[in-house]
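Chemist: Pasting a structure here, questions to come.
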Amino acid sequence: MEKIMTVLVTGATGNVGSVVVEQLVAAGFDVRAFTRDPEKATFAPGVTPFKGELLDVDALRAAMDGVEAVFLLSPVVPDELNVTISALNLIREAKIRAVAYLSVFRVDETEDVPHFASKFAAERLITKHNMPVTILRPNAYMQSPGVKDALGHGMFPFPIGQKGVSFTDIRDIAEVAVLEIQRRLASNEPLGPEIYEVVAEDVLTGESGAKLWSEALGRPIKYIGDDIDQWVQSLRAFAPNWMAYDFKYMMKHFQEDGPVSSAAGLERLRERLGRNPRSYHDFAVESAKLWSEASN
Numbered sequence: 000m001e002k003i004m005t006v007l008v009t010g011a012t013g014n015v016g017s018v019v020v021e022q023l024v025a026a027g028f029d030v031r032a033f034t035r036d037p038e039k040a041t042f043a044p045g046v047t048p049f050k051g052e053l054l055d056v057d058a059l060r061a062a063m064d065g066v067e068a069v070f071l072l073s074p075v076v077p078d079e080l081n082v083t084i085s086a087l088n089l090i091r092e093a094k095i096r097a098v099a100y101l102s103v104f105r106v107d108e109t110e111d112v113p114h115f116a117s118k119f120a121a122e123r124l125i126t127k128h129n130m131p132v133t134i135l136r137p138n139a140y141m142q143s144p145g146v147k148d149a150l151g152h153g154m155f156p157f158p159i160g161q162k163g164v165s166f167t168d169i170r171d172i173a174e175v176a177v178l179e180i181q182r183r184l185a186s187n188e189p190l191g192p193e194i195y196e197v198v199a200e201d202v203l204t205g206e207s208g209a210k211l212w213s214e215a216l217g218r219p220i221k222y223i224g225d226d227i228d229q230w231v232q233s234l235r236a237f238a239p240n241w242m243a244y245d246f247k248y249m250m251k252h253f254q255e256d257g258p259v260s261s262a263a264g265l266e267r268l269r270e271r272l273g274r275n276p277r278s279y280h281d282f283a284v285e286s287a288k289l290w291s292e293a294s295n
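Here the sequence shown is numbered in numbering that gives the first Met the number 0, starting from 0 and rising by one per residue.
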C-alpha cells in the first residue's frame, strides 16, 4: 500500500491555515494542526492537533517528528523574524522534504514594512541554504477579517489609494501550497527554492473597490478614504499599537507603490493552477450571494 504522507500546518486554525488544512485533507494527506489553542477548534477526520507556538522549540520539533512536509505560516508578531528563522532551522535539522512558506507580494521592495522585512530575511535564508521550499507571495487577502462587518456599515474599509492593488484569494494560496507539496514529495531528488506570486489579475483602487461591492450587494458602499492616520486610529481600537504602526507602512506601500500583479507572475501562476486565479470581482459576487442566502 502507498504510504500516506503527513504534513504539519502552522497557524492551522487561522484565516489561511484552516483552508490549507481543508485542502490537504481533501488531497489525501494526514495533517498535523499546530496551534496555540487546539481545544478551541473542531478538526476534521485526518487532522491531528498539536498544541504549541512557533517559538516553543521543543513543541515544534515534536510536531515535526515523522512528517514529510510543512506549511509554514509565521504570525505577524513583534519577534516574527526570530520565530521564522527558528522554525526554518528546525525544518533544516529535521530534513523535511517539502515546505510551503507564506511570504508576501513584492517583499523585496518594501524594506520599511516590519513584517515584510522579516519575511524577506526568511527568504534569504531559504535561498542561501537551497532549502526545499516553495515561497508563496500573496498580496492583501480578499477574505480579510472585518470586511463583511465594514460592508454591513456601508464602507469599503481599506485606504488603498488611487494607484491600484491586486488582491489574493486565500483558496488560491492553499491550492498552490498543496500542488507544490505534492510535486516535491513525488520527486526522487530534493528540489530547490521556487517562488510563486499568488495574486489576482484584477486591480482595485479605493473607489473602484467600493463601486464593485456596491454592484455586488445592490446597495451603496462608500470608500473609507485615503487618510491612513485616521485608519490607524480606528485599527488601534482592536489591534496592538505595534501592529497598527506596522500596517500603517503597509498601507503607505499600497498607496505609493500600487502593488499590482505582473504579466510574468500571472502566467506562472496560471500554469501552476491550470486556470486563472480567482478574481476579486468573482469573490465579491460569490460572497454577496452567500451572505444573502444566510440571512434569509
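Ideal Cβ positions, reconstructed from N, Cα and C, are used throughout, including at glycine.
#1: Within its chain, find whatever has a CB closer than 6 Å to the CB of residue 12; leave out the 5 residues flanking it on each side and keep chain order.
#2: Output the boundary residues of the beta strand (DSSP E) element that contains residue 196.
#3: Going along the chain, which residues of its own chain have a beta-carbon closer than 6 Å to the beta-carbon of residue 216, five neighbours each way excluded?
#4: DSSP three-state call for residue 43: helix, strand or coil?
#5: Is the distance from the Cβ of residue 131 to the Cβ of residue 95 below 9 Å?
#6: Would you mind working out which of 205, 27 and 161 sits nearest residue 255, comparing C-alpha positions?
#7: For the 8 Å Cβ check, are there 3 or more pairs between the stretch 204-222 and the stretch 149-163?
#8: With 16 as the cutoff for other CB atoms within 10 Å, does residue 218 come out buried or exposed?
#9: Taking only runs of the alpha helix (DSSP H) that begin and end inside the stretch 208-263, which ones reach a length of at least 4 residues, in chain order?
#10: Determine the burial state of residue 0: buried for a count of at least 16 other Cβ atoms within 10 Å of its Cβ, exposed for fewer.
#11: How is residue 0 classed by DSSP in three states: helix, strand or coil?
#12: State the DSSP-derived secondary structure class of residue 29, mapped to helix, strand or coil.
#13: Under three-state DSSP, which class holds residue 134?
#14: How is the beta strand (DSSP E) around residue 99 delimited, first residue to last?
#15: So does residue 254 have its beta carbon nearer than 8 Å to some heavy atom of the ligand NAD?
#16: Reducing DSSP to helix, strand and coil, say where residue 7 ends up.
#17: Compute the beta-carbon to beta-carbon distance between residue 129 and residue 74, rounded to the nearest angstrom, for a pair I have assumed lies under 8 Å.
#18: Can you tell me whether residue 49 is helix, strand or coil according to DSSP?
#19: With a cut-off of 8 Å on the beta carbons, I'd call residue 63 and residue 184 a contact; round off their distance for me.
#20: So, are the CB atoms of residue 71 and residue 61 less than 9 Å apart?
#21: Examine the Cβ distances between the stretch 161-181 and the stretch 258-277 and report whether three or more of them are shorter than 8 Å.
#22: Do you know how far the Cα of residue 26 is from the Cα of residue 273?
Modeler: The structure says:
#1: Within the same chain, and ignoring the five residues on either side of residue 12 in sequence, the residues whose Cβ sits closer than 6 Å to its Cβ are 34 and 40.
#2: The continuous beta strand (DSSP E) containing residue 196 extends over residues 193-197.
#3: Excluding positions up to five away in sequence, the list reads 287.
#4: Look at residue 43 here: in three-state DSSP terms it is coil, with no helix or strand label.
#5: Their beta carbons are under 9 Å apart, which means residue 131 touches residue 95 by this criterion.
#6: Closest option to residue 255, Cα to Cα, is 161.
#7: Touching, per the Cβ criterion.
#8: Classification for residue 218: exposed.
#9: Listed in chain order, the complete alpha helix (DSSP H) runs (minimum 4 residues) inside the stretch 208-263 are 227-234 and 240-256.
#10: In this prediction, residue 0 scores a pLDDT of 41, lower than 50, which makes its location untrustworthy; no coordinate-derived value is stated.
#11: Only weak support exists for where residue 0 lies, its pLDDT of 41 falling under 50; the value from the coordinates is given anyway. Of the three classes helix, strand and coil, the one that applies to residue 0 here is coil, per DSSP.
#12: Residue 29: strand per DSSP, three-state reduction.
#13: Residue 134: strand per DSSP, three-state reduction.
#14: Counting along the chain, the beta strand (DSSP E) containing residue 99 begins and ends at 97-101.
#15: This structure simply doesn't include the ligand NAD, nor any ligand for that matter.
#16: Collapsing the DSSP output to three states places residue 7 in a strand.
#17: Not quite, the Cβ-Cβ distance comes to about 26 Å (not below 8 Å), so this is no contact.
#18: Reduced to three states, the DSSP call for residue 49 is strand.
#19: With 8 Å as the limit, residue 63 and residue 184 do not qualify as a contact, their Cβ atoms being about 15 Å apart.
#20: Result no, Cβ atoms of residue 71 and residue 61 do not sit closer than 9 Å.
#21: When C-beta atoms of the stretch 161-181 are compared with those of the stretch 258-277, three or more pairs fall below 8 Å, so the two segments count as touching.
#22: Computed Cα separation, rounded: 16 Å.
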